[in-house]
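Colleague: Residue numbers (this note's numbering), protein chains in the order written: chain A, 38 to 214; chain B, 24 to 645.
Right, dumping it as structure tokens:
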């Protein structure tokens, strides 16, 4: 059982339920919460209290993870708004977006095969810039227009981009080993 | 279920009652025990004034067990029964141990963990480590004048679940209550950070006798947050000795040496390495069993040259840890050097080159881990003072996952996630009418199961027959603050639920541990039943005391009915506590825990809300 099952992560961390987020305030609240619930604060108490502390601290860490990562935060906001983003099944994307993705993917594949570390690093940088731009749209859709359908579409785009970033990371790691 | 005692930052708990707690650095080469006395962390010496206990254990034919310097000196005369660097075998199978061919032991490969045949029978590395821990516990109890409430034991940050579990088992076997397994670089960061009031992002480069860790930590306002960790659990000062040993064999044209000669030459290699820290060259003079003499000189440059690949090998984990933290080398404010092997000048040079700054060497690399562990032990034992309002947020070093089709790993918990953490994943059946499902839990970063460490296998049975893909099996991984994993699985889709809990134990089952405890010399006279009763009584007292304190402080959060109900459960537990039935007392504790469930949640909620609003609980109107 958690501290309060009905309390959402934004409330738990004392933050407004918005996509735009004060990262400093989030981190300060995380430290404050863990300062109270962390197992290290309860190590001298009974086994029950220790177990409970672990469960609470686990929930606080999970909340921090969800709120800190832009994509996870956006997905969570959609969930709170009751919007089914159908993230796993709905893969219908605009043709331009798919075209663009294919181009990125080919570039990564070429750089990987040619073992071009600097090219991969450059792609990674460019993709980061692109993701920042897309997240800008997402902030407007969620916070200003409350257009959750459009936001769900943007979230799916971001998932593609993150997947690609992971692939670049893995390619870089493989080249290093 | 439980009630949490809420302590305000800066509010100490019962200052008159100082609980005895220690920090133990269980090292590959040397081990230390430290405690906080009058607010200052100190390493406790033996009767001869030495703080470092060589991690060497000798089993004598007459049943005696020698630990420390005496055992270390006996290496050359009784190599087979004198175990050194046992940490390298913790939670490891025969195939995982490097340089095994150069070791004089009589190994027995057993599932999960290698064992050693000695004159006193087959010993597990857990038992050997327990002898070292027992000696340190006795030293601490003699020095502090009482029984310990618990200990913080340090482990390499890059230790996996098997190695951590083995360490905890060893402590249990040595009669120690483990307050926490603490990562060595984190312990060092605590000692360094608190002493120097450090703020900012630091790297801890920890090269011990047999393990290497690199942790990146952010220190801010009393919070020590580990951003990432990486390392090599089989790389340390021992490998530098081994390289020099091979060089000596090569130069002196000895092949292969006898067990005794090998030991002598290894000890000589270590001495020469240590000498080269302060001298430009070191003599290697050994008389072999045959009477033949080895007479060589090794220079600092030669030594640096022959071990440069080992130094380079430490830099790969450094790069990975930085990348995981999303940082460049020049964003690191300081590099803290830990472990005796960081005394080697060419190691310091390589680190300075990589980070573009001189590493911090103004602390004793041998003691800093034990001192940090002692500070943490002091706080965990409940001796928190005003200046101890700091918090550690550590991470899991290696990803955890499950085997899926084709021998691939599905990651469930990613590396460098902050602890404690829980993650769940859903699986389904792939055959019609399938009623059981097998799970294989692994740890590591590689894609193939065969390249990762196998932690546990278990089966979920009793799944109701359904068409393929209809069952929903939820597997939950929970990793606690010690970095130890518990896995459970449950079938969700039908009304029927089945669950199984797995606590991997790596070669030593709980029964085996219990048996070892029973047969241990220390506990031969112990009455197990009396001990169990005592434990439950202590637990009952703690729970009653905590509940009454909470009622006194926060009774306003309860209605009169709720409050009366809790009081009646306390009264019942008091009655049971006066009796001698330990099971009944346990049931009473459980009942009180359940009865205070809602109260605990309300108190924590209240505490958190006022904290986030910027008030202390005491300041709120009641």
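By construction, the Cβ of each residue, glycine as well, lies at the ideal position given by its N, Cα and C atoms.
(1) Is the Cβ of residue 191 (chain A) closer than 8 Å to any Cβ of chain B?
(2) Counting only C-beta atoms, is residue 40 (chain A) closer than 8 Å to chain B at any point?
(3) Using the beta-carbon count (16 or more within 10 Å), is residue 453 (chain B) buried or exposed?
(4) Taking only the alpha-carbon atoms, compute the straight-line gap between residue 214 (chain B) and residue 180 (chain A) and give it to the nearest angstrom.
(5) What does the Cβ neighbour count give for residue 376 (chain B), buried or exposed, with the cut at 16 atoms within 10 Å?
(6) What did DSSP end up calling residue 622 (chain B) once you bin it into helix, strand or coil?
(7) Compute the distance between the beta-carbons of residue 104 (chain A) and residue 135 (chain A), then report whether it is under 8 Å.
(8) Based on the DSSP secondary-structure assignment, which residues constitute the bridge partners of residue 360 (chain B)?
(9) Under three-state DSSP, which class holds residue 546 (chain B)?
(10) For residue 122 (chain B), which of helix, strand or coil comes out of DSSP?
(11) Looking at the C-beta of residue 94 (chain A), does it have a partner C-beta in chain B at a distance below 8 Å?
(12) Compute the Euclidean distance between the alpha carbons of residue 357 (chain B) and residue 382 (chain B), then round it to the nearest angstrom.
(13) Starting from the beta carbon of residue 203 (chain B), find every residue of chain A whose beta carbon is closer than 9 Å, and list them in chain order.
(14) Is the shortest distance between the beta-carbon of residue 47 (chain A) and the beta-carbons of chain B less than 8 Å?
(15) For chain D, check one thing: does any of its Cβ atoms lie closer than 8 Å to the Cβ of residue 174 (chain A)?
(16) Decide if residue 515 (chain B) is buried, meaning its Cβ has at least 16 other Cβ atoms within 10 Å, or exposed.
(17) Helix, strand or coil: which one does DSSP assign to residue 350 (chain B)?
(18) One question on the structure: do residue 396 (chain B) and residue 210 (chain B) come within less than 8 Å of each other, judged by their Cβ atoms?
(19) Name the one or two DSSP bridge partners that residue 144 (chain B) has.
(20) Taking any Cβ of chain A, which residues in the region 237 to 255 of chain B have a Cβ under 7 Å from it, in chain order?
(21) Using a Cβ cut-off of 8 Å (strictly closer), state whether residue 166 (chain A) contacts chain B.
(22) Would you check if the distance between the CB atom of residue 268 (chain B) and the CB atom of residue 254 (chain B) is smaller than 8 Å?
(23) Whose CA, out of A:118, A:113, A:202, lies closest to the CA of residue 138 (chain A)?
(24) Write down every uninterrupted run of the alpha helix (DSSP H) in the region 562 to 593 of chain B whose length is 4 residues or greater and which is fully enclosed by it, in chain order.
(25) By Cβ distance, which residues of its chain are closer than 7 Å to residue 125 (chain B), with the 5 residues on each side in sequence left out?
(26) Just tell me which of A:205, A:100, A:163, A:148 has its CA closest to the CA of residue 54 (chain A).
(27) For the region 298 to 349 of chain B, list the alpha helix (DSSP H) runs that are entirely contained and at least 4 residues long, ordered along the chain.
(28) For residue 204 (chain B), which beta-bridge partners are listed by DSSP?
(29) Say whether chain B places a C-beta atom closer than 8 Å to the C-beta of residue 149 (chain A).
(30) In its own chain, which residues sit with a C-beta less than 6 Å from the C-beta of residue 477 (chain B), not counting the 5 before and 5 after it?
(31) Quick check for students: name the residue ranges of the alpha helix (DSSP H) that lie wholly in the region 85 to 117 of chain A, counting only runs of 4 or more.
(32) How far does the beta strand (DSSP E) with residue 517 (chain B) in it reach, from first residue to last?
(33) Do the CB positions of residue 566 (chain B) and residue 615 (chain B) come within less than 8 Å of each other?
(34) Which of helix, strand or coil does DSSP assign to residue 368 (chain B)?
(35) According to the neighbour-count rule (16 or more other Cβ atoms, all chains shown, within 10 Å of its Cβ), is residue 594 (chain B) buried or exposed?
(36) Can you give the Cα-Cα distance for residue 646 (chain B) and residue 102 (chain A), rounded to whole angstroms?
Modeller: According to the data block:
(1) no
(2) Annotation note: pLDDT 48 at residue 40 (chain A) (below 50); position unreliable, coordinate value reported separately. Residue 40 (chain A) counts as touching chain B.
(3) exposed
(4) 45 Å
(5) Using a 10 angstroms sphere on the CB of residue 376 (chain B), the tally of other CB atoms stays under 16, which defines it as exposed.
(6) helix
(7) no
(8) In DSSP, residue 360 (chain B) forms a bridge with B:228.
(9) Low per-residue confidence applies at residue 546 (chain B): pLDDT is 45, beneath 50, and the placement is therefore not dependable, though the value from the model is reported in the following sentence. Helix.
(10) coil
(11) yes
(12) 7 Å
(13) 76, 77, 80
(14) no
(15) You won't find chain D in this structure, because its protein chains are A and B.
(16) By the neighbour-count rule (16 or more Cβ atoms within 10 Å), residue 515 (chain B) is not buried but exposed.
(17) Reduced to three states, the DSSP call for residue 350 (chain B) is coil.
(18) yes
(19) B:141
(20) Flagged, chain order: 246.
(21) For residue 166 (chain A), not one C-beta of chain B is nearer than 8 Å to its own C-beta.
(22) no
(23) A:202
(24) none
(25) 265, 285
(26) Ranking the options by Cα distance to residue 54 (chain A), first place goes to A:100.
(27) 323 to 329, 331 to 348
(28) B:176
(29) It does not: the Cβ of residue 149 (chain A) has no partner Cβ on chain B nearer than 8 Å.
(30) 465
(31) Along the region 85 to 117 of chain A, the alpha helix (DSSP H) occurs as fully enclosed runs of 4 or more residues at 107 to 117, listed in sequence order.
(32) It is not in any beta strand (DSSP E) - residue 517 (chain B) carries neither H nor E in the DSSP assignment.
(33) In terms of Cβ geometry, residue 566 (chain B) and residue 615 (chain B) form a close pair [threshold 8 Å].
(34) helix
(35) Exposed, because fewer than 16 other Cβ atoms sit within 10 Å of the Cβ of residue 594 (chain B).
(36) The question about residue 646 (chain B) has no answer here: the residues shown for chain B are numbered 24 through 645.
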